[in-house]
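Numbering of the sequence shown is given in this note's numbering, commencing with residue 85 and proceeding in unit increments.
Every residue gets a Cβ at the ideal spot worked out from N, C-alpha and C, and that includes glycine.
Note that the structure is predicted; figures quoted are calculated from it, not measured.
Working notes, beginning with the structure itself.
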Amino acid sequence: MGIFARFNYRHNNGRLPFVGKIVDGQLLCGNFKLKRDESGKFITEQPEYFNSILEGAVTVLACSPFISDIFLSAGGKTIAIWDHNIKSAPVYRRERNAYITSGQWSPTRPALFLLGFQDGSIEVWDLLSNLYQPSVIRFMSTSAITSVSIQSLTGFHLF
85 MGIFARFNYR
95 HNNGRLPFVG
105 KIVDGQLLCG
115 NFKLKRDESG
125 KFITEQPEYF
135 NSILEGAVTV
145 LACSPFISDI
155 FLSAGGKTIA
165 IWDHNIKSAP
175 VYRRERNAYI
185 TSGQWSPTRP
195 ALFLLGFQDG
205 SIEVWDLLSN
215 LYQPSVIRFM
225 STSAITSVSI
235 QSLTGFHLF
């Protein structure tokens with residue numbers, strides 16, 4: 085089946101829901117809440133699989149900091165936004181020209197996320213202003229962008 089590469093989880097009402105990715109491009113979700121079976125032993129529920137449309141390894145898996153049921157995923161040249169409750173298809177999907185190597189949601193704007201690419205470019209997507217293309221595309225390097233993050237500059241002084 086593959087190896088689990090990453091889990092994102094959030095504590096919510098006494099349970100720990102998670103979203104996981106497998107190296108072959110599959111996505112799954114579940115929770116770590118224990119329940120008793122017929123014999124009285126504690127067990128966890130089996131994870132549920134999404135009908136993944138990602139090609140190749142999943143390189144991005146990020147839960148929305150604003151909406152607990154929404155997460156961003158990317159694999160190959162495909163980005164997808166999923167709802168935990170809809171496993172048959174993503175609620176949003178776009179194909180890109182280059183392989184996606186990293187991504188992250190904005191911690192301050194619910195519809196904004198960043199993507200890094202193998203060709204050294206970065207895209208900023210703001211779904212409130214445009215659903216079909218990124219708001220900003222910048223070529224930053226001749227090497228792949230392996231990580232993107234948004235940092236707060238609070239308390240930052242230039243002198």
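The three-state secondary structure of residue 179, taken from DSSP, is strand. Runs of the beta strand (DSSP E) spanning 3 or more residues and lying entirely within the region 131 to 167 occur at 142 to 147, 154 to 159, 162 to 167, in chain order. With a minimum length of 3 residues, the unbroken runs of beta strand (DSSP E) contained wholly in the region 212 to 239 fall at 220 to 223. In this structure, DSSP gives residue 169 a state outside helix and strand, which the three-state scheme calls coil. For the 7 Å CB-CB criterion, residue 188 and residue 146 form a contact. In the three-state scheme derived from DSSP, where H, G and I count as helix and E and B as strand, residue 122 is classed as coil. Three or more Cβ pairs closer than 8 Å define a contact, and the region 191 to 201 falls short of that threshold against the region 130 to 137. In the structure shown, the three-state DSSP call for residue 194 is coil. Burial check for residue 212: the Cβ neighbour count within 10 Å stays below 16, so the residue is exposed. Within the same chain, Cβ atoms closer than 8 Å to the Cβ of residue 231 are found at 186, 200, the five residues on either side in sequence being excluded.
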